[in-house]
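First residue of the sequence shown? That's 9 in my numbering, and the numbers climb one at a time after it. Reading through the structure tokens given below for one structure.
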Amino acid sequence: MGEYLKLAVLISGRGSNLQALIGAAATAAFPAEIVRVISNVSGAGGLERAAAAGISTAVVPHRDYPDRESFESSLSEEILGSGAELVVLAGFMRLLTATFVEEWRDRLINIHPSLLPAFKGLHTHERVLEAGVRYTGCTVHYVRPEMDEGPVIVQAAVPVLPGDDADTLAARVLEQEHVIYPLAVRLIAENRVRVKAERALIDDAGLGAPVATINPAP
Ligand code: GAR
């Protein structure tokens, strides 16, 4: 591993989490750098954000491949070619096969807009509102073959407020996504995260336990 941990960021859409990582990586003290942004969608807004930051981009359109295996082997080739050491899923909306996930085991992380293991899958905020829970949030976790499963690295909680709709809630959660994704990457790059018995153990010495936050503090 060099001085900076090399990241490949995989996106499918607007790339606001990518932007948060680009912003973090622009500060000299951040111990990771984005070496390639890869999208499975050619018009993804995040590609422009990457280009504007001078980061190499690639498009691997899943529709061009007859099956998941051939799509993923192109994806892996792009990642390997970039020299990335950690694969960061940032709004990458394709399910990955067990083969791909095992190839990148404990070097593949995802962000999901709920407090996992609650509300896996799509339409998270609508389902949170339907369920009537008082808190929701976001989770950064290592990826496992089952959707939205894997050792939790960092979580942030936000309140569900009276009058919220899916959009206001999504915006409140997204603000915290932009905080915890760079934090999780930093912890990994600083070698502070170990996976043991399917738990992500964090050495947070000196950081004051930032791996779980409630926003705003009660
Ligand atoms: C984010 O809210 C992310 O948590 C979610 O997609 C959005 C991408 O936004 N990911 C998932 O739902 C994955 N299951 P972005 O493109 O602006 O980062």
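We put the beta carbon where it would ideally sit given N, CA and C, even for glycine.
Looking at Met-101, Pro-39 and Arg-44, the one whose alpha-carbon comes closest to that of Arg-22 is Met-101. Within the segment 23-76, the complete alpha helix (DSSP H) segments of 4 residues or longer fall at 24-33 and 53-60, listed in chain order.
Around the beta carbon of Thr-132, a 10 Å sphere encloses 16 or more other beta carbons of the protein chains shown; the residue is thus reported as buried. A heavy atom of ligand 1 is found nearer than 8 Å to the CB of Val-181. Excluding residues up to 5 positions away in sequence, Pro-159 lie with their Cβ nearer than 6 Å to the Cβ of Arg-207 in the same chain.
Leu-26 is positioned such that its CB atom lies closer than 9 Å to that of Ala-58.
For the segment 93-161, the full-length alpha helix (DSSP H) segments reaching 4 residues or more read 106-111 and 132-139 along the chain. Counting along the chain, the unbroken alpha helix (DSSP H) around Leu-182 starts and ends at 174-197. Asn-48 has its CB no nearer than 8 Å to any heavy atom of ligand 1.
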